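Colleague: Numbering (the working numbering), first residue to last: 35 to 78. Glycine included, C-beta positions come from ideal geometry on N, C-alpha and C. Computed from a prediction, not measured in an experiment: that's the story for all the values here.
1. Take residue 57 and list the residues in its own chain whose beta-carbon comes closer than 8 Å to its own, dropping the five residues that flank it on each side.
2. Helix, strand or coil for residue 76, going by three-state DSSP, please let me know.
3. What would DSSP say about residue 50, mapped onto helix, strand or coil?
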């Protein structure tokens, strides 16, 4: 029973690592997006 519990925990840890790296990659990609500033907000 102990070996099966360790395998399940290892599988969960691996899956969460994949999820975390996917979310971090998506956040980095969207951080570089900068929309154009509206004319009403520009200092001219």
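Modeller: Let's see:
1. Position 23 of the chain shown, counting from 1, holds the residue named residue 57. Once the five neighbours on either side are set aside, residue 57 has no close Cβ partner at all.
2. Translated into positions along the chain shown, residue 76 becomes position 42. Here residue 76 sits in coil by DSSP.
3. One-based indexing of the chain shown puts residue 50 at position 16. In the structure shown, residue 50 sits in a helix (DSSP, three-state: H, G or I).
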